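Asks:
Residue numbers (UniProt numbering): 1 to 690.
#1: Under three-state DSSP, which class holds residue 416?
#2: Tell me the rounded alpha-carbon separation between residue 21 and residue 119.
#3: Going by C-alpha to C-alpha distance, which of 185, 248, 189, 16 sits closest to residue 293?
#4: Would you mind working out which of 220, 576, 166, 139 sits nearest residue 709, comparing C-alpha positions?
#5: Leaving out the 5 sequence neighbours to the left and right, which residues in its chain are closer than 7 Å to residue 621 when beta-carbon positions are compared?
#6: If you drop the 5 nearest sequence neighbours on each side, which residues of the same chain put their C-beta closer than 6 Å to that of residue 391?
#7: Let me check understanding here. Comparing Cα to Cα, which of 127, 681, 273, 524 lies closest to residue 88?
#8: Between the segment 462 to 476 and the segment 529 to 537, do three or more beta carbon pairs fall short of 8 Å?
#9: Count the other CB atoms, across all protein chains shown, that sit within 10 Å of the CB of residue 49; report buried if there are 16 or more and exposed otherwise.
#10: In terms of residue numbering, what span does the alpha helix (DSSP H) encompassing residue 275 cover?
#11: With a threshold of 16 other CB atoms inside 10 Å of the CB of residue 83, please say whether the residue is buried or exposed.
#12: Leaving out the 5 sequence neighbours to the left and right, which residues in its chain are closer than 7 Å to residue 143 when beta-carbon positions are compared?
#13: Mark residue 453 as exposed unless 16 or more other C-beta atoms lie within 10 angstroms of its C-beta, in which case mark it buried.
#14: So, with DSSP's three-state summary, where would you put residue 325?
#15: Are residue 669 and residue 682 touching if we call contact CB-CB under 7 Å?
#16: In chain order, what residues of the same chain lie with their CB nearer than 7 Å to the CB of residue 408, ignoring the 5 residues before and after it?
#17: Less than 6 Å between the CB of residue 54 and some heavy atom of the ligand GDP, yes or no?
#18: Which residue's Cα is closest to the Cα of residue 104: 115, 77, 86?
#19: Taking 7 Å as the cut-off, decide whether the C-beta atoms of residue 80 and residue 6 are in contact.
#20: Please report how far the alpha carbon of residue 11 lies from the alpha carbon of residue 28, in whole angstroms.
#21: Counting along the chain, where does the beta strand (DSSP E) carrying residue 576 start and finish?
#22: When the Cα atoms are used, what is the spatial distance from residue 598 to residue 148?
#23: Tell me whether residue 14 is buried or exposed, calling it buried when 16 or more other Cβ atoms sit within 10 Å of its Cβ.
#24: Enumerate in chain order the residues of its own chain whose CB-to-CB distance from residue 506 is below 6 Å, with the five nearest sequence positions on each side excluded.
#25: Check whether the Cβ atoms of residue 446 and residue 192 sit closer than 7 Å, and answer yes or no.
#26: Label residue 96 either buried or exposed according to how many other C-beta atoms from any shown protein chain fall within 10 Å of its C-beta, with 16 as the threshold for buried.
#27: Quick one: what's got a C-beta closer than 6 Å to residue 457's C-beta in the same chain, skipping five residues either side?
#28: Identify the residues that DSSP records as bridge partners of residue 411: which are they?
#29: Which first and last residues belong to the beta strand (DSSP E) in which residue 640 is found?
#30: Give the single residue among 216, 328, 359 whose Cα lies nearest to the Cα of residue 290.
#31: Ends of the alpha helix (DSSP H) at residue 764?
#32: Pull up the CB-CB distance for residue 296 and residue 349, whole angstroms please, since I reckon it's below 8 Å.
#33: Output the boundary residues of the alpha helix (DSSP H) element that contains residue 440.
#34: Starting from residue 190, follow the beta strand (DSSP E) in both directions and report where the run begins and ends.
#35: Given this structure, state the Cα-to-Cα distance separating residue 334 from residue 571, to the nearest angstrom.
#36: Could you give the DSSP three-state label for residue 124: helix, strand or coil?
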């Protein structure tokens with residue numbers, strides 16, 4: 001019989017910790033929450049000071065029974081749920097269920113699952129932090145008061161199955177507001193003039209900058225012609241050359257938000273997938289002879305802080321593997337988010353010695369890619385700045401100035417290991433200029449004016465939405481991924497080309513909430529509420545008082561909405577064809593992944609069909625069919641013949657209605673990080689990127 005019982009959330013975590021603690025400790029998993037508010041009702045007694053009505057979660061009875069039996073046999077029980085508000089709440093519920101005094105030192109927390117961290121944490125158990133519990137309890141009660149009061153209204157007035165949440169509603173509003181911006185956007189014309197120059201046989205490029213020393217914007221073709229008419233010949237005097245050395249500092253280690261953003265940019269991961277893989281890396285991976293090891297620290301954090309131990313280990317690794325000059329002796333203090341819960345560290349490898357190469361054989365492809373990203377980011381954050389030599393050259397002809405800029409990487413520094421991604425996917429490249437000296441001349445080989453139009457703001461990707469939510473103080477690390485998942489499952493938004501598009505249903509629901517519950521959609525109000533939850537965690541506010549301040553006004557709005565909200569009928573749009581199974585009309589429906597066709601005779605007939613999108617290209621294989629856009633089971637777009645399965649033509653790249661001038665085979669549009677270009681599906685023919 002074991003002397004001590006340790007309770008964690010997951011079997012993977014239990015397995016890892018059990019190996020470190022030895023035979024005296026039995027480690028069991030609660031499988032997450034065992035106690036929670038009931039699903040079938042609000043579960044909050046408003047009249048009795050917003051008292052939550054907790055119950056054992058359906059299906060968790062046997063788990064709780066097993067934990068109770070084990071707790072009775074143990075000399076002492078340790079509650080080792082995750083080191084955040086939710087983990088504290090799980091520990092508190094378990095303490096009550098197992099008759100453990102919450103004021104006893106029963107709570108054990110650790111930021112990483114490594115042998116040393118686990119052993120250290122058991123040397124200093126603490127009492128359950130009721131401020132953390134109250135902050136989590138306040139969030140749950142607040143979300144119940146909003147969701148379980150507004151949702152039934154939406155069921156009655158719009159349709160069943162809808163929900164309204166505090167954070168999710170703001171996220172939907174952000175997506176809809178962006179769509180309005182795009183629709184209302186009026187492009188503005190502007191021009192640029194690019195020139196290619198040659199000096200001593202070397203070519204370089206410059207752009208129009210100024211006239212008679214004053215920077216000039218080109219808003220029309222007449223502006224361009226005025227500049228071109230002022231030029232006298234093709235000889236330009238090199239008027240000014242500026243050279244300087246510039247340092248570029250590394251970025252901080254990952255927070256939850258920045259990890260989700262970078263994994264989306266570089267690995268094409270959805271937020272939900274990133275967090276699932278990070279959970280696996282945190283809870284432990286079997287590394288053969290070394291046993292199961294937690295490879296990263298806790299992955300729900302908004303802190304960029306690193307422990308002194310981690311910094312020292314990184315410094316030694318960098319010096320050994322890259323050289324002393326790559327160690328940053330003056331790493332700048334990371335700027336923290338105002339709301340950062342700094343009890344945690346940044347997301348980092350538990351040991352930089354476990355580099356991606358050494359653990360490659362033990363990880364799945366996606367686990368390795370995410371771990372490599374986390375490892376490289378943390379190591380780079382402790383490396384010396386990169387040093388660039390930059391050069392700016394002004395070339396003048398009759399008062400018209402063209403400016404050329406260039407840079408050359410002089411010392412790689414942190415860039416030897418890692419360079420942060422950017423939203424447009426462009427890679428950083430050296431832009432070298434030849435040796436140019438003031439007073440010399442260069443010849444303009446070609447001067448090319450270009451017309452442009454300003455572009456509307458882009459639709460939100462998952463990464464961009466998470467970043468904006470974080471900047472506005474909406475939600476917290478643990479809420480980003482579930483929020484994005486919920487608004488898609490409810491059909492309020494859909495993903496098109498990896499960007500969020502609002503649905504008609506989303507717009508209708510938002511309009512109703514905006515009319516009757518405007519504070520729910522107010523970004524400042526939502527951010528303030530997050531601040532109040534933080535204040536509860538810090539012991540500066542009482543949770544019941546915070547809830548009551550919100551509910552007093554909310555209750556009045558609720559009564560008004562029940563009386564005045566009108567019913568909304570959402571009519572399905574006819575698809576223009578009949579159901580092949582029952583003959584009723586097919587209609588367009590909006591699902592989690594966008595529009596699809598369904599029988600109007602639902603639920604009697606449950607026939608559904610994907611919407612086939614013609615792209616105007618004949619099938620190159622059978623010649624009789626036409627190419628249509630389809631989606632794989634993993635929602636990836638591909639192109640196939642509409643005569644499938646008779647014709648099995650398939651292409652991941654979009655065919656176009658032209659053939660290759662070299663071999664007469666099919667041309668396709670190839671998407672890359674640099675953009676879209678046309679190339680042959682068979683030979684090496686390739687056209688310039690657009």
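Every residue, glycine too, gets a C-beta built ideally from N, C-alpha and C. All figures in this text were calculated on a predicted structure; none of them were measured in a lab.
Replies: Let's see:
#1: Looking at residue 416 - three-state DSSP - the assignment turns out to be helix.
#2: 7 Å
#3: When C-alpha distances from residue 293 are compared across 185, 248, 189, 16, the shortest belongs to 16.
#4: Nothing can be reported for residue 709, as the shown portion of the chain is limited to 1 through 690.
#5: 641, 647, 649
#6: Excluding sequence neighbours, residue 391 sits near 243, 406, 433.
#7: 127
#8: yes
#9: Under a 10 Å Cβ-count criterion, residue 49 is classified as exposed, with fewer than 16 other Cβ atoms of the shown protein chains found around its own Cβ.
#10: 271 to 283
#11: buried
#12: 165, 166
#13: exposed
#14: helix
#15: No.
#16: 388, 389, 430, 432
#17: Ligands in the displayed structure: none, and consequently the ligand GDP is not present.
#18: 77
#19: Yes.
#20: One C-alpha to the other measures close to 7 Å.
#21: 573 to 578
#22: 30 Å
#23: buried
#24: 172, 492, 493
#25: no
#26: exposed
#27: The answer, listed in chain order, is 181.
#28: 387
#29: Unbroken beta strand (DSSP E) run through residue 640: 637 to 641.
#30: 359
#31: In this structure the chain extends from 1 to 690, so residue 764 is not present and cannot be described.
#32: Contact between residue 296 and residue 349 holds, since their C-beta atoms are separated by about 6 Å, short of 8 Å.
#33: Careful: residue 440 lies outside any alpha helix (DSSP H) and carries neither H nor E.
#34: 189 to 199
#35: With a pLDDT of 47 at residue 334, under the threshold of 50, the modelled position of that residue is not reliable, and no figure is offered here.
#36: coil
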